[in-house]
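Peer 1:
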Amino acid sequence: MTAKTLQLDAFIPFRLSFTSNLVSSTIAQSYDALFGIKIAEWRVIAWVAEREGISQQEICELTRMDKVTVSRAAIALTERGLLERKPNAVDRRSHLLALSAEGRKLYAAIAPKALELERRIFAEFSEAELEGFVGTLRRIDAIVIALGE
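With my numbering applied, the sequence shown has no gaps in its numbers, which climb one by one up to 174 at the end.
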């Protein structure tokens, strides 16, 4: 049996990374052009919209973004009046995040655009294919997390 050789274009971790970067950069360009917002800032806004009172650490865990990236995004959003950072009574080292009225307006404007862009990217896939794809991604997530434990 011959040993398998590494070919990046067929190496699944590379393909996942490449596709993720391609989709993220397309989304980032759209959000920056339309709303003047960076992808890390959008991810913070989206998670805060889903879970008001979430901590920056929780966002790090949910997105796999590093602490510095989340902190910078939260500070930038706070300075723009889109986000409110409140002290965490349970852990004084962290902040709990909430969208301001302006932040909620921005979220309400971006969310439909995000869904439309998702629809356009995946328009050629059936519902069953997309459900299977998301299921596969979740399985990969679980396996990789277990490998790291």
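Note that beta-carbon positions come from the ideal geometry of N, C-alpha and C, so glycine has one too.
If we ignore side chains and look at the alpha-carbon of each, how far apart do residue 104 and residue 81 end up?
Peer 2: Here residue 104 corresponds to residue number 79 of the sequence shown, with the count starting at 1. Here residue 81 corresponds to residue number 56 of the sequence shown, with the count starting at 1. Spanning the two alpha carbons is a distance of roughly 16 Å.
Peer 1: Are there 16 or more other CB atoms within 10 angstroms of the CB of residue 170, so buried, or fewer, so exposed?
Peer 2: Your numbering for residue 170 matches position 145 in the sequence shown. Its Cβ having fewer than 16 others within 10 Å, residue 170 is exposed.
Peer 1: Going by DSSP, what residues sit across from residue 111 in a beta bridge?
Peer 2: Translated into positions along the sequence shown, residue 111 becomes position 86. Answer by DSSP bridge pairing, in chain order: 121.
Peer 1: According to DSSP, residue 80 sits in a beta bridge with which residue or residues?
Peer 2: The residue you call residue 80 lines up with position 55 of the sequence shown. Residue 80 is bridged to 121.
Peer 1: What residues in its chain sit with their C-beta under 6 Å from that of residue 95, if we drop five residues either side in the sequence?
Peer 2: Reading the sequence shown from its first residue, position 70 is the one you call residue 95. If we look at residue 95 and ignore the five residues flanking it on each side, its Cβ neighbours are 81, 84, 85.
Peer 1: Buried or exposed, going by whether 16 or more other CB atoms sit within 10 Å of the CB of residue 153?
Peer 2: By 1-based counting over the sequence shown, the position of residue 153 is 128. By the 10 Å Cβ count, residue 153 comes out exposed.
Peer 1: With distances taken between CB atoms, is the gap from residue 78 to residue 107 smaller than 8 Å?
Peer 2: On the sequence shown, position 53 is the one that residue 78 refers to. On the sequence shown, position 82 is the one that residue 107 refers to. No; because the gap between Cβ atoms is not below 8 Å, this pair is not in contact.
Peer 1: At a cut-off of 7 Å, would you count residue 39 as near the ligand ATP, judging by its Cβ distance to the nearest heavy atom?
Peer 2: What this structure holds is no ligand at all, so the ligand ATP is not there to describe.
Peer 1: One question on the structure: do residue 155 and residue 147 come within less than 8 Å of each other, judged by their Cβ atoms?
Peer 2: Along the sequence shown, one-based indexing puts residue 155 at 130. Along the sequence shown, one-based indexing puts residue 147 at 122. Cβ atoms of residue 155 and residue 147: closer than 8 Å.
Peer 1: Would you give the residue range spanned by the alpha helix (DSSP H) that residue 161 belongs to?
Peer 2: Here residue 161 refers to the residue found at position 136 of the sequence shown. Its alpha helix (DSSP H) spans residues 152-173.
Peer 1: Are the stretch 36-49 and the stretch 112-122 touching, with three or more C-beta to C-beta distances below 8 Å?
Peer 2: In short, these stretches do not touch, since the Cβ pair count stays below three.
Peer 1: Between which residues of its own chain and residue 33 is the CB-CB distance below 8 Å, once the five residues before and five after are set aside?
Peer 2: Numbered from its first residue, the sequence shown carries residue 33 at position 8. If we look at residue 33 and ignore the five residues flanking it on each side, its Cβ neighbours are 39.
Peer 1: For residue 32, report the span of its alpha helix (DSSP H) as first-last.
Peer 2: Reading the sequence shown from its first residue, position 7 is the one you call residue 32. Segment: none, residue 32 is in no alpha helix (DSSP H) and carries neither H nor E.
Peer 1: Taking only the alpha-carbon atoms, compute the straight-line gap between residue 57 and residue 35 and give it to the nearest angstrom.
Peer 2: Sequence index remark: in the sequence shown, residue 57 carries index 32 (1-based). Sequence index remark: in the sequence shown, residue 35 carries index 10 (1-based). Answer to the nearest angstrom: the Cα atoms are 32 Å apart.
Peer 1: Report buried or exposed for residue 37, applying the criterion of at least 16 other Cβ atoms within 10 angstroms of its Cβ.
Peer 2: Sequence index remark: in the sequence shown, residue 37 carries index 12 (1-based). Burial call: exposed.
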